[in-house]
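> In this note's numbering, the protein residues as written are -6 to 453.
Yeah, the Cβ is synthetic: ideal placement off N, Cα and C, and Gly gets one too.
In this text the structure is predicted, and so the values were computed from the model without any measurement.
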Ligand code: ADQ
């Protein structure tokens, strides 16, 4: 076998999803892909342990061939850095929800304090030729802070969420400081061309930067590469999951409990960015406009709670409970409930079975960096009789899955018309739409994504 002289990879993200004794198999495509790269290069994954602790000690653990180094955070850190700046300031703002964005000096202070602590604690464990790959909005300034610690390594940053338009971003006090920190990296990756375009707009309009060849951007003598690098799923694994015995059982259960009715499925973390209320309203419009379809379809919405320490997330839960109750109250019959609304997580194989049983995958985020559920739905379909993907044009995934029925999630009419169209769509058209999407999901999988990014970084 050819020996590949790999640089060691260092991954840094808010949470570490390397395999653990309590959870031996890495969870999710991202974890699987990064874990494989870390194992091959003998790398380390650093991040928050998820635990509360008074002292920032590094805790190393090697399991399943992967080393992780985790740090506990204090209650104040979690409140200001994680629940605060990350999830109450950056998350809403980057998802275009200025109305939900909270600006608090203490949040920003906590964010910088925790990033500084990470930089100080991790820096001594990084060797000169390691590749450093930092992930997501929790850690934007980390690269800059690592440079302050004297690191001259090749460093990359990948943003999993959208990059907002300049006119929204400038509402963030100290926006300039945040973006300047990004110029400490050598390569920055975005999920979609649209987010990259917004970033370039900010750099050229607010910072006087210039675009160069090969995706480069220069500001004040410093040149970096900013690329679109869309994340994928572990497609082979998902295809296998959809054909597993568990998936077949679940499909059978769905068939029996659905008694021949067409299943429309939605799967999302409970988050206001996912457009769940808009989805329910679009489905309600469909029921209002198509009485002939009543009792012949049902919507299964699977939405496990997330970030429940943040008030807006408690509100969204309440409003969806009410909305689904109202719609069911108005339309249900003695033997038919229009919406089945479930607030829990399911194993991947069960989820794959649900996707495969569904005539329609309904994915309606108001903004989404990528949206992996859309890709999972495509991967799980039966090639001989695939379902129809209805996808928000505001998800990063819409740039790749152009054969979906693309909709505007703010428009109940649009959602209603798409459901009607999907239910009537002849098999030939379903196959013709599904095939190119499947090829895209299969070929641009999570390993493709990881290699595209690390190769860009290695080329620096
Ligand atoms: P998320 O906002 O979490 O990710 P998404 O890309 O859809 O959104 O990924 C969600 C994942 O959680 C999927 O793999 C899905 O299967 C799983 N999941 C959801 N509900 C589940 C349930 N009830 N049971 C089990 N699994 C469930 C962020 C960004 C996205 C970006 C990803 C990856 O917001 O835009 O695509 O990171 O970069």
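Within 10 Å of its beta-carbon, does residue 205 have 16 or more other beta-carbons around it, so buried, or fewer, so exposed?
Exposed is the call here.
> Return the first residue and the last residue of the beta strand (DSSP E) that residue 6 is part of.
It spans 2 to 8 - the beta strand (DSSP E) in which residue 6 sits, taken as one unbroken run.
> Cβ-heavy atom distance between residue 292 and the ligand ADQ below 7 Å?
Flag unset: Cβ of residue 292 not near the ligand ADQ.
> What do you get for residue 308, buried or exposed, if any count of 16 or more other CB atoms within 10 angstroms of its CB means buried?
By the 10 Å Cβ count, residue 308 comes out exposed.
> Does any heavy atom of the ligand ADQ sit closer than 7 Å to the C-beta of residue 153?
At least one heavy atom of the ligand ADQ is nearer than 7 Å to the Cβ of residue 153, so yes.
> Less than 8 Å between the beta carbons of residue 212 and residue 176, yes or no?
Against a cut-off of 8 Å, the Cβ pair of residue 176 and residue 212 comes out as a contact.
> Cα-Cα, which of 16, 11, 33 is closest to residue 24?
When each option's Cα is compared against that of residue 24, the closest is 11.
> Put residue 291 into one of helix, strand or coil per three-state DSSP.
Here residue 291 sits in strand by DSSP.
> Between the beta-carbon of residue 93 and the beta-carbon of residue 357, is there less than 8 Å?
No, Cβ-Cβ distance for residue 93 and residue 357 is not below 8 Å.
> Let's see if you can read the secondary structure: which residues bound the beta strand (DSSP E) around residue 56?
That run of the beta strand (DSSP E) goes 51 to 56.
> Mind checking which residues open and close the alpha helix (DSSP H) that includes residue 82?
Residue 82 -> no alpha helix (DSSP H), and no H or E assigned at all.
> Less than 8 Å between the beta carbons of residue 185 and residue 440, yes or no?
No, they are not a contact pair.
> Residue 303 and residue 81 look like a contact to me (Cβ under 8 Å); what is the Cβ gap, rounded to whole Å?
With a Cβ gap of about 6 Å, residue 303 and residue 81 count as contacting.
> Between which two residues does the beta strand (DSSP E) holding residue 427 run?
Per DSSP, residue 427 belongs to no beta strand (DSSP E); it is in the alpha helix (DSSP H), 420 to 436.
> State yes or no: is the beta carbon of residue 342 nearer than 8 Å to at least one beta carbon in chain D?
This model lacks chain D altogether, as it is built from one protein chain only.
> Please state whether DSSP places residue 230 in a helix, a strand or coil.
In this structure, residue 230 counts as helix in the three-state DSSP scheme.
> Keeping to the same chain, check which residues put their C-beta closer than 6 Å to that of residue 434; ignore five residues upstream and five downstream.
Cβ within range, chain order: 228, 368, 371, 372.
> Examine the ligand ADQ and report whether any of its heavy atoms sits within less than 7 Å of the Cβ of residue 369.
Yes, the Cβ of residue 369 comes within 7 Å of a heavy atom of the ligand ADQ.
> Does the beta-carbon of residue 295, which I'm using as the reference point, lie nearer than 7 Å to any heavy atom of the ligand ADQ?
Yes, Cβ of residue 295 sits closer than 7 Å to a heavy atom of the ligand ADQ.
> Tell me whether residue 188 sits in a helix, a strand or coil according to DSSP, three-state version.
Reduced to three states, the DSSP call for residue 188 is helix.
> Helix, strand or coil for residue 337, going by three-state DSSP, please let me know.
Three-state DSSP puts residue 337 in coil, outside helix and strand.
> Would you identify the three-state DSSP class for residue 41, choosing helix, strand or coil?
Residue 41 falls in the strand class under three-state DSSP.
> Taking only the alpha-carbon atoms, compute the straight-line gap between residue 385 and residue 402 and give it to the nearest angstrom.
C-alpha separation (whole angstroms): 6 Å.
> Would you say the stretch 65 to 80 touches the stretch 119 to 135, given that touching needs at least three Cβ pairs under 8 Å?
These segments touch.
> Does the beta-carbon of residue 361, which I'm using as the reference point, lie nearer than 7 Å to any heavy atom of the ligand ADQ?
Because some heavy atom of the ligand ADQ lies under 7 Å away, the Cβ of residue 361 counts as near it: yes.
> If you measure from the CB of residue 182, is any heavy atom of the ligand ADQ nearer than 7 Å?
Checking the Cβ of residue 182 against the ligand ADQ gives no.
> With a threshold of 7 Å, establish whether the CB of residue 212 neighbours any heavy atom of the ligand ADQ.
No - the ligand ADQ has no heavy atom lying nearer than 7 Å to the Cβ of residue 212.
> If you reduce the DSSP assignment to three classes, tell me which class residue -4 lands in.
Any reading at residue -4 must be qualified, since the residue scores a pLDDT of 42, below 50, and its modelled position is unreliable; the value itself is stated next. Residue state, collapsed to three classes: coil.
> Counting Cβ pairs closer than 8 Å, one from the stretch 271 to 289 and one from the stretch 243 to 251, do we hit at least three?
No, the stretch 271 to 289 is not in contact with the stretch 243 to 251.
> What's the gap between the Cα of residue 241 and the Cα of residue 261?
Distance between the alpha carbons of residue 241 and residue 261 is about 22 Å.
> Using only the alpha-carbon positions, how far apart do residue 323 and residue 447 sit?
Going by the C-alpha atoms only, they are around 53 Å apart.
> Look at the alpha carbon of residue 170 and the alpha carbon of residue 189, and state the distance between them as a whole number of angstroms.
Distance between the alpha carbons of residue 170 and residue 189: 19 Å.
> Should residue 58 go down as buried or exposed, given a rule of 16 or more other Cβ atoms within 10 Å for buried?
Counting Cβ neighbours within 10 Å, residue 58 comes out exposed, since fewer than 16 surround it.
> Would you kindly work out how many angstroms separate the C-alpha atoms of residue 411 and residue 280, rounded to a whole number?
Using only the alpha carbons, I get a separation of about 13 Å.
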